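Novice: Please see the structure below; I have some questions.
In full-length UniProt numbering, the protein residues as written are 1 to 237.
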């Protein structure tokens, strides 16, 4: 028996929190013992291209093809892609390594995710779980309905496109890391020292009405409090 693309046992494990509904993907650079969590809607396509270009400067790709690229093949194993369906395994992998997070303004990120939903650019829960119908976040949804659903879902049940950015440091990961670096997406070009290749960008800015609604939403600010705090701490220096 399957629910979406998941066997019944995997579905149950996902809902009790022992298995992730949506996996964690990282790009790992062995020579520096550094990994980049691939944080969806936080420049993930851009980050992937730029990491590969450190070892293959002429590398090019487009969205969504970039997400099918094996960086090990492009870089002669200088960059490795790792995927985890268990947070426990992710935490074990993280031990002693340096995590480099590229994060985005949380308000802009959630609105960009909503735009992806209503334009069908990204279908929530389509891959790898196939639970799109189960969660019901579809293109005809209003922003208020979208927000209501998102804030009620804990990270372990969230699609990666709206899972919190701080998730990758939670549940003991921060304590076992050898170091942490955080770069704001808007400063990513400055950090890398080169112009990043921006893929899958939503050019529409967040409307002031939506921005103010999010800032006044106790549910949103509680759900993404760690993201908001982390972003503000880095932004304020």
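Positions of the beta carbon are idealized from the N, C-alpha and C atoms, including for glycine. These numbers were taken from a predicted model, which means no experiment stands behind them.
From residue 237 to residue 5, what distance separates their C-alpha atoms?
Specialist: Distance between the alpha carbons of residue 237 and residue 5: 44 Å.
Novice: Could you tell me which residues DSSP pairs with residue 182 in its beta bridges?
Specialist: DSSP lists 101 as partners of residue 182.
Novice: Let me check you understand the geometry: is the CB of residue 129 closer than 7 Å to at least one non-hydrogen atom of the ligand COA?
Specialist: Inclusion of the ligand COA in the displayed structure is not the case, the ligand content being empty and no account of it being possible.
Novice: State the Cα-Cα distance for the pair residue 58 and residue 36, rounded to the nearest angstrom.
Specialist: In a straight line, the C-alpha of residue 58 is about 21 Å away from that of residue 36.
Novice: Chain B beta carbons: is any one of them nearer than 8 Å to that of residue 160?
Specialist: Given the protein chain composition of this structure (a single chain), no chain B is represented.
Novice: Taking only the alpha-carbon atoms, compute the straight-line gap between residue 158 and residue 22 and give it to the nearest angstrom.
Specialist: The straight-line gap from Cα to Cα measures roughly 7 Å.
Novice: Contact defined as beta carbons within less than 8 Å: I believe residue 179 pairs with residue 98. What is the distance between those atoms, to the nearest angstrom?
Specialist: 4 Å between Cβ atoms; contact.
Novice: Rounded to whole angstroms, what's the CA-CA distance from residue 26 to residue 116? Just pull it up for me.
Specialist: Whole-angstrom Cα-Cα distance: 22 Å.
Novice: For residue 14 versus residue 91, is the C-beta spacing smaller than 8 Å?
Specialist: No, these two residues do not count as a Cβ contact at 8 Å.
Novice: What does DSSP give as the partner residue(s) for residue 37 in the beta ladder?
Specialist: Answer is 26, bridged to residue 37.
Novice: Report the CB separation of residue 231 from residue 46 in whole angstroms; it is logged as a contact under 8 Å.
Specialist: Not a contact, Cβ separation roughly 18 Å.
Novice: Under the assumption that residue 40 contacts residue 161 (Cβ atoms under 8 Å), give the Cβ distance between them as a whole number of angstroms.
Specialist: Confirmed, Cβ separation roughly 4 Å.
Novice: In this structure, how does DSSP classify residue 160 when only helix, strand and coil are distinguished?
Specialist: Looking at residue 160 - three-state DSSP - the assignment turns out to be coil, as it is neither helix nor strand.
Novice: Taking the beta carbon of residue 233 as the centre, do at least 16 other beta carbons fall within 10 Å, making it buried, or is it exposed?
Specialist: Exposed.
Novice: Whose C-alpha, out of 71, 30, 216, 52, is nearest the C-alpha of residue 81?
Specialist: Ranking 71, 30, 216, 52 by Cα distance to residue 81 puts 71 first.
Novice: Could you give the distance in angstroms between the alpha-carbon of residue 49 and the alpha-carbon of residue 175?
Specialist: Computed Cα separation, rounded: 29 Å.
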